[in-house]
Amino acid sequence: MNIYLRELKAHRRALIIWSVCMLFLVAAGMGKYSAQLGTGVSINELMQTMPEALQKFFGLGVLDLSVAIEYFGVLFTYIALVAAVHAAMLGAGMISKEERDKTAEFLMSKPVSRAHVLNAKLAAALTNVLALNLVTAAGSFGIMNYYSQGAPYASQLAKMMAALFAVQVFFLASGFFFASLSGRYASGAATGLLLILFVIFVITDIFGKTDALRYVTPFKYFDAKVIMTGQYENIYTVLTVLGVAGFTGFAYYFYRRRDLRV
47 MNIYLRELKA HRRALIIWSV CMLFLVAAGM GKYSAQLGTG VSINELMQTM
97 PEALQKFFGL GVLDLSVAIE YFGVLFTYIA LVAAVHAAML GAGMISKEER
147 DKTAEFLMSK PVSRAHVLNA KLAAALTNVL ALNLVTAAGS FGIMNYYSQG
197 APYASQLAKM MAALFAVQVF FLASGFFFAS LSGRYASGAA TGLLLILFVI
247 FVITDIFGKT DALRYVTPFK YFDAKVIMTG QYENIYTVLT VLGVAGFTGF
297 AYYFYRRRDL RV
């Protein structure tokens with residue numbers, strides 16, 4: 047039994063749906079950019095009428111929203127959030143579904159170790175998030191090519207897509223970790239952590255005095271404003287790697303030792 051191929055087949059339809067949703071998000075977001083330009087009103091001037099907190103969140107004064115790639119930087123926050131939700135739910139579901147669907151006993155009766163099962167499921171999950179990332183990247187490059195009007199964008203967009211993959215892998219690992227503790231509450235715990243980290247990201251954006259919190263959430267590590275203004279710090283990479291390694295390592299440790307509900 048090839049567990050890897052089995053998981054790819056099981057998640058194929060969901061991957062297609064998520065991919066379509068991501069492409070729609072990018073197209074709709076950049077469509078608003080085009081519509082706003084068509085009104086003749088400066089996007090930056092329009093944003094200045096908003097409350098100061100929202101101006102900080104959208105990067106006014108940091109990003110020039112009249113430039114397509116920098117407008118995409120604002121949209122990137124929502125792209126990362128949606129991709130993170132997909133990754134967290136996928137990571138949790140890859141493990142917990144065996145207990146939910148009462149197939150854990152059948153799977154574990156095969157001559158394979160729990161570590162082998164996790165290896166195959168993790169590989170399938172990584173394939174899914176990579177596929178979603180590549181679809182999003184391809185769509186984003188195509189749409190940006192249409193809206194950029196000859197202005198350079200490829201380098202910045204490539205960095206954002208790499209950052210997106212890092213966010214996806216982080217939350218995928220967190221989903222695996224929570225599922226290794228309890229299959230019943232894994233999805234709720236993984237998405238709960240995601241929302242907490244996103245709220246912290248919003249707080250750090252709005253209230254500049256909470257700079258220490260920027261080391262807590264990967265949404266801040268890979269914020270488009272940080273990437274596009276050259277403020278990225280190497281410690282963000284270190285923290286991301288430690289987070290992924292920690293979540294994954296503990297997932298293997300706990301899953302191999304806990305009793306499964308059958």
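So that you can map any letter, position 100 of the sequence shown is 146 in the numbering used here, and since no number is skipped, the others follow by simple counting.
Glycine included, each C-beta is placed from N, C-alpha and C at the ideal position.
Taken atom to atom, the span from the alpha-carbon of G119 to that of A209 is near 12 Å. The residues M140, A166, K167, A170, A171, in chain order, have a CB closer than 8 Å to that of E53 in the same chain once the five nearest residues on each side in sequence are set aside. Residues of the same chain with a CB within less than 7 Å of the CB of M190, apart from the 5 flanking positions on each side, are A114, I115, F118, Y199, L203 in chain order. By alpha-carbon distance to T263, the top candidate from T275, V287, G276 is V287. The continuous stretches of alpha helix (DSSP H) do not include A258, and DSSP gives it neither H nor E. Nearest to R58 by alpha-carbon distance, out of A126, L178, L127, is L178. The segment 200 to 247 is shown to contain no whole beta strand (DSSP E) run of 3 or more residues.
Non-local C-beta neighbours of D269 in its own chain, meaning closer than 8 Å and more than five positions away in sequence, comprise T123, F247, D251, ordered along the chain. Taking a C-beta distance under 8 Å as the contact criterion, S233 and M135 qualify as a contact pair.
Taking C-beta atoms as the reference points, V175 and V290 fail to come closer than 8 Å.
Around the beta carbon of F211, 16 or more other beta carbons lie within 10 angstroms, which makes this residue buried.
For H162, the enclosing alpha helix (DSSP H) covers residues 160 to 193. Apart from sequence neighbours up to five positions away, the residues of its chain that approach S65 with a beta-carbon distance below 8 Å are A177, L178, V181, T182, ordered along the chain. Under the 10 Å beta carbon count, G221 is surrounded by 16 or more other beta carbons and is classified as buried.
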